Amino acid sequence: MGLTTMETRILQRLAEGWSVADIQESLADSGAKQEVADALAGLLEGKLLEPSGNGIQLSPLGEEALREHRGPTAGHTLG
């Protein structure tokens, strides 16, 4: 699955524990407010994000997509 740069940034920040509001604020500061909104909608539609008690979080599919994007040597190892 090919991720856009914005989608990758969002997934990475969620994986690091950022809130959606903090992500929107940090990425929208660069003038990409609509791009952030579109990327979030696309990630939700693609089932890479899922609702959680406090907003949204990475889904198992989103975690897999992020691992694939980072490459085989990055991230956690299975074992």
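Quick note on numbering: the sequence shown equals residues 1003 to 1081 in the numbering used here. Every residue gets a Cβ at the ideal spot worked out from N, C-alpha and C, and that includes glycine. All figures in this text were calculated on a predicted structure; none of them were measured in a lab.
Exposure of residue i, with buried meaning 16 or more beta-carbon neighbours within 10 Å
i: Ala1023; result: exposed
i: Gly1055; result: exposed
i: Ala1067; result: buried
i: Ala1041; result: buried
When the options are compared against residue i, the one with the closest alpha-carbon
i: Leu1082; options: Leu1063, Val1038 and Ala1039; result: Here the chain comprises residues numbered 1003 to 1081, so residue 1082 is not present and cannot be evaluated.
i: Ile1058; options: Leu1045, Ala1034 and Thr1006; result: Leu1045
i: Arg1011; options: Ile1025, Gly1004 and Ser1021; result: Ile1025
i: Glu1009; options: Glu1052, Ala1043 and Pro1053; result: Ala1043
i: Glu1065; options: Thr1006, Gln1014 and Gly1033; result: Gln1014
Helix, strand or coil at residue i according to DSSP, with G and I counted as helix
i: Glu1052; result: strand
i: Gly1019; result: coil
i: Gly1044; result: helix
i: Ile1012; result: helix
i: Thr1079; result: For Thr1079, the pLDDT reaches just 40, beneath the cut-off of 50, and the residue's location in the model is therefore unreliable, although a value from the coordinates is still provided. Looking at Thr1079 - three-state DSSP - the assignment turns out to be coil, as it is neither helix nor strand.
For residue i, the first and last residue of its enclosing alpha helix (DSSP H)
i: Leu1068; result: Pro1062 to Arg1072
Per DSSP, the bridge partner or partners of residue i
i: Gly1033; result: In the DSSP output, where bridge partners are listed per residue, Gly1033 has none listed.
i: Gly1057; result: Ser1054
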